[in-house]
Amino acid sequence: MKYFKIMAIATVLVLTAVPAQFKAYADSDRIQVNDIITDNNMKAETTLPQTTTTEITVTTKSVSSSEQSLKPVYDEFDENDVNGEIIVNIPENVTADVAITFDSPEVTDEPYYIANLKGGEFYSFAVEGRDNTESDYRTYTVSVALKGGKYDIKSTAFTDEVTVPDGNDNPDSYIKYNYTFTVDDEFSKNEWDITSQSGTTKTIAVHLDDVAMGDLNRDGMVNASDASDVLAEYSLLSTSGEYSFTEKQKLEADTDKDSFIDATDASNILEYYSYASTGGEDSFEKFMSAK
8 MKYFKIMAIA TVLVLTAVPA QFKAYADSDR IQVNDIITDN NMKAETTLPQ TTTTEITVTT
68 KSVSSSEQSL KPVYDEFDEN DVNGEIIVNI PENVTADVAI TFDSPEVTDE PYYIANLKGG
128 EFYSFAVEGR DNTESDYRTY TVSVALKGGK YDIKSTAFTD EVTVPDGNDN PDSYIKYNYT
188 FTVDDEFSKN EWDITSQSGT TKTIAVHLDD VAMGDLNRDG MVNASDASDV LAEYSLLSTS
248 GEYSFTEKQK LEADTDKDSF IDATDASNIL EYYSYASTGG EDSFEKFMSA K
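The working numbering puts the first residue of the sequence shown at 8, with every later residue one more than the last.
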């Protein structure tokens with residue numbers, strides 16, 4: 008008689024424990040903030056009396072061990088509407104300011120994600136899909152600005168516009184946008200260039216370590232035009248106290264490295280221009296170090 012009572016109690020305990028266990032796995036169907044999932048299949052298995060076995064398998068999106076999932080700042084974000092993700096790979100020794108906003112019939116430049124990220128990691132941003140019709144659309148803008156490199160400066164932001172399609176109210180498609188950033192010292196008129204592109208995957212070289220002293224307009228020459236740009240910036244600073252130059256241009260304009268942009272810097276550029284025009288072959292940096 009005692010044996011049957013023990014069996015009955017055990018059976019009740021097992022049956023009451025099952026719903027909570029199954030709920031724990033069902034609640035894990037979506038990846039939460041900073042959760043890293045390394046197993047593609049999570050299984051909950053319970054054996055009931057009389058050899059009756061119930062098995063539930065929940066399949067989740069695989070995230071590599073080095074990939075971090077970020078939380079949106081958008082209050083009305085619905086993970087059930089997610090139809091894609093934006094993946095950003097940040098190189099080591101820099102940080103990145105990442106902003107994702109969207110336009111829709113109701114709002115413009117609505118903040119969706121805002122994050123300051125360390126280098127050497129992949130980051131994943133889950134994105135909701137839309138039908139992209141006149142009455143129901145979202146155009147997402149991805150903005151990434153790197154800071155660091157040899158001169159510890161901040162680049163102008165790389166930007167890209169993307170859409171995430173959704174054929175109905177439930178996720179029935181999935182799209183990934185991949186952005187890989189690198190840092191180099193290549194001379195370019197731009198602060199960053201897209202070096203490769205295939206489908207929704209892009210590689211962007213950010214030229215943080217390319218500083219051409221005195222060459223404000225990045226035309227490969229130091230001349231009167233650059234001096235004019237410096238004087239215009241000096242005038243702006245004198246009247247408003249605000250810069251129009253990028254971080255890199257500030258370095259290139261401060262020819263005497265006194266942390267000020269003024270008429271002396273313009274004069275140094277004109278002196279070098281005169282020197283180079285009469286056959287001088289030294290670089291601007293060497294010319295300045297000899298003064």
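By construction, the Cβ of each residue, glycine as well, lies at the ideal position given by its N, Cα and C atoms.
The structure displayed is predicted, hence computed values, not measured ones.
Identify, in the order they occur along the chain, each residue of the same chain with its Cβ nearer than 7 Å to the Cβ of residue i, setting aside the five sequence neighbours on each side.
| i | result |
| --- | --- |
| N230 | Y280 |
| M228 | D222 |
| N100 | G126 and G155 |
| Y4 | Within the shown structure, residues of the chain are numbered from 8 to 298, placing residue 4 beyond reach of any answer. |
What residues in its chain sit with their C-beta under 6 Å from that of residue i, if we drop five residues either side in the sequence?
| i | result |
| --- | --- |
| D200 | A212 |
| S150 | A106, A164 and T166 |
| D143 | R137 |
| Y184 | I93, V169 and T207 |
Return the first residue and the last residue of the alpha helix (DSSP H) that residue i is part of.
| i | result |
| --- | --- |
| T246 | A231 to S247 |
| T202 | No alpha helix (DSSP H) contains T202, which is instead part of the beta strand (DSSP E) from W199 to S205. |
By the three-class DSSP mapping on this structure, what secondary structure does residue i have?
| i | result |
| --- | --- |
| E259 | helix |
| E117 | strand |
| F165 | strand |
| K125 | strand |
| F291 | helix |
| S296 | helix |
| D88 | helix |
| T60 | For T60, the predicted model reports a pLDDT of 35, less than 50, meaning its position is unreliable; a value from the coordinates is still stated below. Reduced to three states, the DSSP call for T60 is strand. |
| A24 | Note that A24 has pLDDT 41, beneath the 50 cutoff, so the model's placement of it is unreliable and no number is given. |
Could you spell out the range, first to last residue, of the beta strand (DSSP E) harbouring residue i?
| i | result |
| --- | --- |
| E135 | E128 to E135 |
| Y280 | Taken as a continuous stretch (DSSP letters only), Y280 belongs to no beta strand (DSSP E), being part of the alpha helix (DSSP H) at A270 to S284. |
| K154 | T146 to G155 |
| T253 | Careful: T253 lies outside any beta strand (DSSP E) and carries neither H nor E. |
To which residues of the same chain is residue i closer than 8 Å at the C-beta, ignoring the five residues directly before and after it?
| i | result |
| --- | --- |
| M8 | Residue confidence is low: M8 scores 42 on pLDDT, short of 50, so the model does not pin down where it sits. Its coordinate-derived value is still stated next. For M8, where only same-chain residues beyond five positions count, there are no Cβ hits under 8 Å. |
| S274 | A234 |
| V80 | P118, Y119, Y120 and I121 |
| T189 | P98, T202, T210, I211, A212 and V213 |
Can you tell me whether residue i is buried or exposed, with buried defined as 16 or more other CB within 10 angstroms of its CB?
| i | result |
| --- | --- |
| A297 | exposed |
| A103 | buried |
| E92 | buried |
| E240 | buried |
| T59 | Low confidence applies here, because T59 scores a pLDDT of 39, under 50, leaving its location unreliable; read the following figure in that light. Exposed: under 16 other Cβ atoms inside 10 Å. |
| S76 | buried |
| T262 | buried |
| G286 | exposed |
Going by DSSP, what residues sit across from residue i in a beta bridge?
| i | result |
| --- | --- |
| N185 | I94 and T208 |
| V171 | V171 pairs with nothing; no bridge assigned. |
| S180 | Answer by DSSP bridge pairing: none, since S180 is not bridged. |
Is there a Cβ of chain C sitting closer than 9 Å to that of residue i, yes or no?
| i | result |
| --- | --- |
| Y279 | The displayed structure is made up of one protein chain only, and chain C is not part of it. |
Does at least one heavy atom of the ligand MG sit under 8 Å from the Cβ of residue i?
| i | result |
| --- | --- |
| E259 | Within the structure as shown, the ligand MG is missing, as the structure has no ligands at all. |
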